[in-house]
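For our numbering, count along the sequence shown from 1 and bump the result up by 634.
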Amino acid sequence: VWNALLAPFILKEKLTRHRLVGSILVMTGSIGSACFGSQEDPLYTIEYIEATLFSWRVLIYFSCFLVWYSFNQFFLMRWPIGSLIKGLSYGWTAGSLAGNMWCTKLAIELVQTSIVQRDAEPWKTWIPYCALLGAAFFAIVNAFFLTRGLQHYEAFFMITTVEGSMILSASLSGAIVLRDVYDLPGWRIGLYSLSVMVVILGMVVVFKGEASSKSSLLSGSASISLEPKKGE
């Protein structure tokens with residue numbers, strides 16, 4: 635929403651109906667997922683983290699995410715410069731990476747647990763350091779793809795795509811990796827799922843509207859004015 639309010643003045647971008655509606659839907663779904671998602675966290679000890687992460691459930695999630703990342707990197711991003719698919723792929727990839735916040739959450743929770751329990755034992759294992767490295771990786775690589783995307787499309791389109799993908803990715807990774815929804819009552823899981831679907835609907839609205847527009851790289855109104863390299 636801030637992007638929708640400020641972009642016409644700062645970046646001189648046009649606020650179309652589909653961009654406004656899509657932004658509002660993504661914001662509404664984001665608020666709903668925060669309200670109806672898990673509000674209470676367990677005590678994140680090393681034992682709890684090991685029991686949570688070391689499972690087939692998490693391995694399958696990582697495998698599917700790797701396939702999704704590779705599909706974008708080696709297929710969708712190979713489309714010509716200025717194509718809708720290429721811009722969408724940049725947004726989807728950046729948002730998917732940014733949404734994997736479980737590494738950051740694990741690192742923060744371990745710091746909190748260490749302080750509360752006055753125990754430095756967790757930092758004598760490899761888990762906190764891998765969590766920190768993972769958090770740094772997702773943040774840096776996501777920024778790289780976001781920057782690439784802004785070379786091709788206006789901020790209205792890219793930010794909505796990235797934010798929507800990030801909420802979807804955060805919801806899936808939280809539910810699958812950290813089991814955030816396991817203890818929620820059925821009605822909250824239903825409303826949480828509905829909120830995520832509203833986010834997806836917002837992205838679809840933006841996609842359909844942008845499908846008839848040409849890339850801001852081709853129209854000369856890209857949000858970041860950089861000379862793209864051949865094949866990017």
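The beta-carbon is built from N, C-alpha and C at its ideal position, and this holds for glycine as well.
- Unbroken alpha helix (DSSP H) runs of no fewer than 4 residues, entirely contained in the stretch 713-751, are found at 718-733, 736-751, following chain order.
- By alpha-carbon distance to VAL815, the top candidate from ARG752, PHE688, LEU693, ALA668 is ALA668.
- Secondary structure of TYR695 (DSSP, three-state): helix.
- When only Cα atoms are considered, TRP713 and SER748 end up about 48 Å apart.
- In the assembly as shown, GLY808 is a buried residue. Its beta-carbon has 16 or more other beta-carbons within 10 Å.
- Here GLY733 is near ILE801, since their CB atoms are less than 8 Å apart.
- A direct Cα-Cα distance of roughly 36 Å separates THR727 from VAL750.
- Excluding five sequence positions before and after ALA769, the CB atoms of its chain that fall closer than 7 Å to its own CB belong to CYS737, THR738, ALA741, given in chain order.
- When C-alpha distances from VAL660 are compared across VAL833, VAL839, TRP702, the shortest belongs to VAL833.
- Contact between LEU710 and ILE719 holds, since their C-beta atoms are separated by about 6 Å, short of 8 Å.
- Counting along the chain, ARG651 sits inside the alpha helix (DSSP H) bounded by residues 651-670.
- Note on geometry: alpha-carbon atoms of TYR787 and ARG651 lie some 17 Å from one another.
- Only buried fits ARG782, as 16 or more other CB atoms lie within 10 angstroms of its CB.
- A residue is called buried when at least 16 other Cβ atoms come within 10 angstroms of its Cβ; MET831 does not meet this threshold and is exposed.
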